[in-house]
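K.L.:
Reading the sequence shown from the start, the letters are residues 8 to 209 in our numbering.
Before anything else, here's the structure in question.
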Amino acid sequence: MIHIREAIIVEGRYDVNKIKQLVDTIVIETGGFAIFNNSEKLALIRRIAAERGILVLTDSDGAGFVIRNYLRGAIPKEQVRHAYIPQIAGKERRKVHGSKEGTLGVEGVPDDVILRALEQAGVECLPEADDRRKITKADFYAWGLSGTAHSAARRRQLLRALHLPQHMTANALLEFINVVADYEEVRREIEKLDHSGVCDGC
């Protein structure tokens, strides 16, 4: 498995599953055309793009290029790379019917094709070792962000403080928070919540 700096943007959850088996990085799904009306998701993508860059990896059909072009116009060009898979005729096993254009999407192409596309896009590979203190599930529990009756309300407060989408689950927050913030920054925000004495929804 390769470790890369950029977050990878794909269309759907099956694409996410595919990429996470090959690459160690944050993978975000657009939900297909749903990204056009999801301002919170776009804001999150923009923030991650500013932090570490993004790599757009959509299907090679017309719909994939519509999504790709939308993101191209929404993200500063120096913060985004594009990886392209070739048009390969076929149908994913899980699908009853193939795509309108009769080609495989990201989830269906062979692993080596994905890796070659990333290499050709010039992704920045990272060493496996990362000395930065990562936030863990144990930290979340200690901070009251999971495992208590008021965890959801406490997460909402933290999400507001960090300018992140309000409806992220604990697992989604844990994944993204290690990209857009560091341990000390989050710990300071938690201390502010504790000192405020306010618990939204408690």
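Glycine residues also receive a C-beta, built at the ideal position from the N, C-alpha and C atoms.
1) Using alpha carbons as the reference points, say which of 151, 157, 15, 156 lies closest to residue 193.
2) For residue 71, does the count of other Cβ atoms within 10 angstroms reach 16, so buried, or fall short, so exposed?
3) Could you give the DSSP three-state label for residue 146: helix, strand or coil?
4) Of the residues 8, 169, 78, 110, which one's Cα is nearest the Cα of residue 7?
5) Could you tell me the alpha carbon to alpha carbon distance between residue 64 and residue 40, rounded to whole angstroms?
6) Let me know the secondary structure DSSP gives residue 186 once reduced to three states.
7) For residue 29, which residues of its own chain have a beta-carbon under 8 Å away from its beta-carbon, when the five flanking residues on both sides are left out?
8) According to the Cβ coordinates, are residue 124 and residue 83 closer than 9 Å?
9) Got a sec? Which residues, its chain only, sit under 8 Å from residue 166 by beta carbon, not counting five neighbours each side?
10) Indicate whether residue 18 and residue 112 have their beta-carbon atoms separated by less than 9 Å.
11) Counting C-beta neighbours from all protein chains within 10 Å, is the total for residue 144 16 or more, i.e. buried, or is it exposed?
12) Give the secondary structure of residue 122 by DSSP, where H, G and I count as helix, E and B as strand, and everything else as coil.
P.N.:
Result, derived from the coordinates:
1) 151
2) buried
3) helix
4) No information on residue 7 is available, as it lies outside the stretch 8 to 209 that the chain covers here.
5) 14 Å
6) helix
7) 8, 9, 118, 121, 122
8) no
9) 172, 173, 175, 180
10) yes
11) exposed
12) helix
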